Ligand code: GN1
Ligand code: MG
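Residue numbers (my numbering): 1 to 365.
What follows is the structure, given as structure tokens:
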């Protein structure tokens with residue numbers, strides 16, 4: 001604790017740290033909420049980056065600065081209509097004027113301003129909230145739509161490239177083997193049945209049908225901050241994965257997260273379903289802004305995007321389970337297996353509603 005307090009102190013030149021507690025439930029980094037006395041803003045977010053995942057943390061910080069500065073510049077030039085609030089966190093500097101602090105043990109720490117009077121939820125409670133979650137992603141994409149993706153470094157090579165995750169899965173299977181169980185057999189069969197289709201977005205990109213843009217990379221429900229009083233979306237947070245990619249990764253990820261009322265951490269994986277009315281509301285919120293920049297072909301791949309991102313996350317969790325839980329933080333040995341089963345059930349639910357979901361996309365476009 002003393003060590004944490006000392007690290008936090010690096011990011012508050014004037015203030016005195018009076019409280020520090022774990023915050024959120026990220027699967028990769030460690031996040032803390034820090035309270036200080038003697039600064040204009042009483043809180044900030046302190047994070048230890050997982051260097052096993054983010055091998056080039058200086059590039060992550062570069063992207064973070066590029067994106068947040070761009071968003072703030074756009075909002076200053078053209079404030080949102082109706083006095084709506086939308087913010088991007090600010091990168092806080094250390095006493096030495098740097099955007100991170102390397103502790104003697106080699107940990108990489110950075111701090112961000114805290115978005116005040118806002119909260120996050122792990123699952124969506126009602127349709128109005130779903131619309132706001134979609135709006136947040138649409139606003140984020142819209143604010144970045146004039147930023148060239150070439151300005152962003154590739155901080156996570158292979159991120160959201162499903163064919164690459166399949167190759168890794170095959171390697172892990174060949175190396176470690178598996179102890180069969182009904183759940184493991186279900187997962188193995190599930191992946192086998194969908195291999196041929198898993199390159200659908202990458203094939204479209206390779207054929208020039210979809211083009212890269214700046215993306216968030218991890219727009220799940222609890223990375224959207226909603227105003228505590230109005231419920232309106234006020235920020236997209238957790239910007240470590242911003243890079244160049246297909247907006248389809250973001251749309252698919254937001255939908256696989258937002259339309260699963262039981263949430264991705266449920267143990268009741270057999271009960272998981274994809275709720276089409278939540279999908280309609282999220283897409284309506286998203287398209288209220290994204291209509292301006294999506295192409296006809298972009299719409300063609302929206303159904304595949306939701307199906308694929310659920311499948312892909314299931315594949316990533318399952319592979320990590322087989323590999324011995326080396327990537328995602330796990331609270332027990334079977335945790336990543338259960339997480340995988342949740343995403344596979346969700347994928348199945350999407351597939352069984354293909355016609356209805358395609359109709360929703362058609363109605364909204
Ligand atoms: C990881 O750490 P967290 O929870 O923000 C992961 C995402 C997954 C998500 C699933 C860099 O994000 O891709 O969708 O878990 N981030 C990385 O909850 O792999
Ligand atoms: Mg994240």
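Even glycine gets a Cβ: it sits at the ideal position worked out from N, Cα and C.
Predicted model, so just to flag it, every value in this text is computed and none were measured.
- Of all the options 362, 310, 323 and 181, which has the alpha carbon lying nearest to the alpha carbon of residue 342? Per the Cα distances, 310.
- Message: Just list the residues that DSSP pairs residue 101 with in beta bridges.
- Response: Residue 101 is bridged to 109.
- Message: Looking at the ligand GN1, does it come within less than 6 Å of residue 24, judged from the CB to the closest heavy atom?
- Response: It does not: the Cβ of residue 24 is nowhere closer than 6 Å to a heavy atom of the ligand GN1.
- Query: Going by alpha carbons, who is nearest to residue 86 out of 216, 109 and 118?
  - Reply: Of the candidates 216, 109 and 118, the one whose C-alpha sits nearest the C-alpha of residue 86 is 118.
- Does the count of Cβ pairs from the region 213–222 and the region 139–152 closer than 8 Å reach three? Contact holds: three or more Cβ-Cβ distances are below 8 Å.
- Item | 7 Å Cβ shell around residue 10 - same chain, five flanking residues per side excluded | So the qualifying residues of the chain are 94, 95 and 101.
- Message: Give me the residue from 81, 356, 312 and 332 with the minimum Cα distance to residue 202.
- Response: Measuring C-alpha to C-alpha distances from residue 202 to each of 81, 356, 312 and 332 identifies 312 as the nearest.
- Is the region 181–194 touching the region 139–147 in the sense that three or more CB pairs, one from each, lie closer than 8 Å? Counting C-beta pairs closer than 8 Å gives fewer than three between the region 139–147 and the region 181–194, which falls short of the contact rule.
- residue 161 (DSSP reduced to helix, strand or coil): Secondary structure of residue 161 (DSSP, three-state): coil.
- Item | Check: residue 123 C-beta below 6 Å from any heavy atom of the ligand GN1 | For residue 123, the Cβ stays outside the 6 Å cut-off from all heavy atoms of the ligand GN1.
- Query: For the region 218–227 against the region 126–134, are there 3 or more C-beta pairs whose distance is under 8 Å?
  - Reply: Under the 8 Å Cβ criterion, the region 218–227 counts as touching the region 126–134, having at least three qualifying pairs.
- Terminal residues of the continuous beta strand (DSSP E) containing residue 61? Segment 57–77 is the alpha helix (DSSP H) holding residue 61; no beta strand (DSSP E) there.
- Task: Note the first and the last residue of the continuous beta strand (DSSP E) segment covering residue 35.
- Result: Per DSSP, the continuous beta strand (DSSP E) segment holding residue 35 begins and ends at 30–37.
- Message: Spatial neighbours of residue 321 within its chain, please: C-beta separation below 7 Å, excluding the five flanking residues on both sides.
- Response: Counting only Cβ-Cβ distances below 7 Å, and skipping sequence neighbours, we find 336, 337 and 340.
- Query: Would the beta-carbon of residue 31 fall within 7 Å of that of residue 18?
  - Reply: Not closer than 7 Å, so no.
- Starting from the C-beta of residue 299, find all residues in its chain whose C-beta is less than 6 Å away, skip the five residues before and the five after it, and write them out in chain order. Result list for residue 299: 365, in chain order.
- For residue 244 versus residue 221, is the C-beta spacing smaller than 7 Å? Contact flag unset, no.
- Task: Determine the closest residue to residue 115 out of 75, 236, 121 and 172, with distance taken between C-alpha atoms.
- Result: With distances taken between Cα atoms, residue 115 lies closest to 236.
- Message: For a quick check, are the C-beta atoms of residue 360 and residue 280 less than 7 Å apart?
- Response: Contact flag set, yes.
- Reduced DSSP secondary structure (H/G/I, E/B, other) of residue 125: Reduced to three states, the DSSP call for residue 125 is coil.
- Task: Could you spell out where the beta strand (DSSP E) holding residue 214 opens and where it closes?
- Result: Per DSSP, residue 214 belongs to the beta strand (DSSP E) from 213–215.
- Message: Is residue 27 near the ligand GN1 - that is, is its Cβ less than 6 Å away from at least one heavy atom of it?
- Response: Yes; taking the cut-off as 6 Å, the Cβ of residue 27 has a heavy atom of the ligand GN1 nearer than that.
- Item | Residues sharing a beta bridge with residue 22, DSSP | BP columns for residue 22 point to 32.
- Residue closest to residue 39, alpha-carbon to alpha-carbon, out of 288, 92, 250 and 75: Closest option to residue 39, Cα to Cα, is 92.
- Message: Between residue 241 and the ligand GN1, is there a pair consisting of the residue's CB and a ligand heavy atom that are separated by less than 6 Å?
- Response: Yes, since a heavy atom of the ligand GN1 falls inside the 6 Å radius drawn around the Cβ of residue 241.
- Query: Going by DSSP, which residues form a beta bridge with residue 243?
  - Reply: 215.
- Query: If you measure from the CB of residue 218, is any heavy atom of the ligand GN1 nearer than 6 Å?
  - Reply: Yes, the beta carbon of residue 218 sits closer than 6 Å to at least one heavy atom of the ligand GN1.
- Message: With a threshold of 8 Å on Cβ separation, who are the neighbours of residue 68 within its own chain once the five nearest residues in sequence on each side are excluded?
- Response: The answer, listed in chain order, is 88, 89, 90, 91 and 239.
- Rounded C-alpha distance that separates residue 187 from residue 53: So the alpha carbons of these two residues sit roughly 24 Å apart.
- Message: Let me confirm a value: residue 125 is counted as buried when at least 16 other C-beta atoms fall within 10 Å, else exposed. Which label applies?
- Response: When all chains shown are included, residue 125 counts as exposed.
- Message: Quick check on residue 305: buried or exposed, where buried means 16 or more other Cβ atoms within 10 Å of its Cβ?
- Response: Classification for residue 305: buried.
- Task: Whole angstroms is fine: what's the gap from residue 81's alpha carbon to residue 75's?
- Result: When rounded, the distance between both Cα atoms is 11 Å.
- Item | Three-state secondary structure assigned by DSSP to residue 119 | Residue state, collapsed to three classes: strand.
- Item | residue 346 versus residue 260 - alpha carbon distance | In a straight line, the C-alpha of residue 346 is about 7 Å away from that of residue 260.
- Query: For residue 227, which residues does DSSP report across the bridge?
  - Reply: Answer by DSSP bridge pairing, in chain order: 118.
- Hey, which unbroken runs of the alpha helix (DSSP H) at 4 residues or more fall wholly within the region 281–360? Runs of the alpha helix (DSSP H) inside the region 281–360: 296–300, 302–323 and 335–352.
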